[in-house]
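Visitor: The numbering of the sequence shown is numbering that gives the first Met the number 0, which starts it at 0 and goes up by one. Beta carbons: idealized from backbone N, C-alpha and C, even for Gly. Supplied in structure tokens, the structure appears directly below.
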Amino acid sequence: MSHMISEQLDNCRLCGSLFLKNYTDYCKDCCKEVEEKYNSIAEYLKKEQNRNVTLEDVSASTGVSLKQIAEFIRDGRIYAEDFPNLGYSCAHCSKLIKKQLLCVDCFDRFSTDLNKTLKIDKLEKEIGSEQFTASRESKYWRLKK
Ligand SMILES: [Zn+2]
Ligand SMILES: [Zn+2]
0 MSHMISEQLD
10 NCRLCGSLFL
20 KNYTDYCKDC
30 CKEVEEKYNS
40 IAEYLKKEQN
50 RNVTLEDVSA
60 STGVSLKQIA
70 EFIRDGRIYA
80 EDFPNLGYSC
90 AHCSKLIKKQ
100 LLCVDCFDRF
110 STDLNKTLKI
120 DKLEKEIGSE
130 QFTASRESKY
140 WRLKK
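Below, the structure written as structure tokens:
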């Protein structure tokens, strides 16, 4: 029993205090606070004249921190695709993004080395496999070109 509970304990993403993990990353107090913040942002974004707002605009109007708003967007709670200027900075180059931590360019750059290794690995396995006949191999290379 105590083992089960310890597995469900987590540190609140906001205040760091231990809490029993349920459906959120926040303790009960912070959860309430986060919900209130979310509601004020949702209310603000509902207004037609706020279509073109930026992250800074939302923060200035609602008093919610940039980080918190960015988290809502990253978590998908705020659907930034509907708002052309709403997003947060890529963790590497500061380009405006609406999901993940990195923009597509930076993600590509960071994952290239890893991918190269994976692709070579996969290719070696395919070439090395006994079922990989000569004809299939030539077809494979034609397709690649
Ligand atoms: Zn908390
Ligand atoms: Zn980037």
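Mind checking which residues open and close the alpha helix (DSSP H) that includes Asp9?
Guide: Residue 9 sits at position 10 when you count from the first residue of the sequence shown. No alpha helix (DSSP H) contains Asp9, which is instead part of the beta strand (DSSP E) from 8-10.
Visitor: At which residues does the beta strand (DSSP E) containing Leu85 begin and terminate?
Guide: For the purposes of this step, residue 85 is taken as residue 86 along the sequence shown, with counting starting at 1. First-last for Leu85: undefined, no H or E at that position.
Visitor: On the DSSP letters alone, give me the boundaries of the beta strand (DSSP E) that Leu100 sits inside.
Guide: Taking the sequence shown and counting its residues from 1, the one referred to as residue 100 is at position 101. Taken as a continuous stretch (DSSP letters only), Leu100 belongs to no beta strand (DSSP E), as it is neither H nor E.
Visitor: Across the segment 35-53 and the segment 61-75, are there enough close Cβ pairs to call them in contact, namely three or more that are closer than 8 Å?
Guide: A contact exists between the segment 35-53 and the segment 61-75.
Visitor: Would you call Ile119 buried or exposed, if buried means 16 or more other Cβ atoms sit within 10 Å of its Cβ?
Guide: Here the question's residue 119 lines up with position 120 in the sequence shown. So Ile119 counts as exposed.
Visitor: Any idea which residues DSSP pairs Leu95 with across the strands?
Guide: Indexing the sequence shown from 1 puts residue 95 at position 96. DSSP, once it has assigned bridges, lists Ser88 as partnering Leu95.
Visitor: For Ser64, which residues from the same chain have a beta carbon less than 7 Å from its beta carbon, with the 5 sequence-adjacent residues on both sides left out?
Guide: For this step, residue 64 is matched to residue 65 along the sequence shown. Closer than 7 Å at Cβ, skipping near neighbours: Ser58.
Visitor: Near Cys29, what residues of its chain come up, given a Cβ to Cβ distance below 7 Å and the 5 sequence neighbours on each side ignored?
Guide: In the sequence shown, the residue the question calls residue 29 occupies position 30. Counting only Cβ-Cβ distances below 7 Å, and skipping sequence neighbours, we find Cys11, Leu13, Cys14.
Visitor: Does DSSP put Glu117 in a helix, in a strand, or in coil?
Guide: Within the sequence shown, the letter at position 118 stands for residue 117. It is Leu, not Glu, that sits at residue 117 in the sequence shown. The answer is helix: DSSP assigns Leu117 an H, G or I state.
Visitor: Is Tyr78 buried or exposed, if buried means 16 or more other CB atoms sit within 10 Å of its CB?
Guide: Numbered from its first residue, the sequence shown carries residue 78 at position 79. When all chains shown are included, Tyr78 counts as exposed.
Visitor: Say yes only if the C-beta of Leu94 is nearer than 6 Å to one or more non-hydrogen atoms of ligand 2, and no if none qualify.
Guide: Position 95 of the sequence shown, counted from the start, is the residue given in the question as residue 94. Checking the displayed sequence, the identity of residue 94 turns out to be Lys instead of Leu. For ligand 2, at least one heavy atom lies less than 6 Å from the Cβ of Lys94.
Visitor: Using the C-alpha atoms, what's the distance from Asn51 back to Pro83?
Guide: Within the sequence shown, numbered from 1, the residue matching residue 83 stands at position 84. Within the sequence shown, numbered from 1, the residue matching residue 51 stands at position 52. Roughly 6 Å separates the two Cα atoms.
Visitor: Nearest-angstrom Cα distance between Gln7 and Glu123?
Guide: Taking the sequence shown and counting its residues from 1, the one referred to as residue 7 is at position 8. Taking the sequence shown and counting its residues from 1, the one referred to as residue 123 is at position 124. Roughly 42 Å separates the two Cα atoms.
Visitor: Report all residues from its chain with a CB closer than 6 Å to the CB of Ile96; omit the five preceding and five following residues, and keep chain order.
Guide: Taking the first residue of the sequence shown as 1, we reach residue 96 at position 97. Closer than 6 Å at the Cβ level, and outside the excluded window around Ile96, lie Gly86, Cys89, Cys102.
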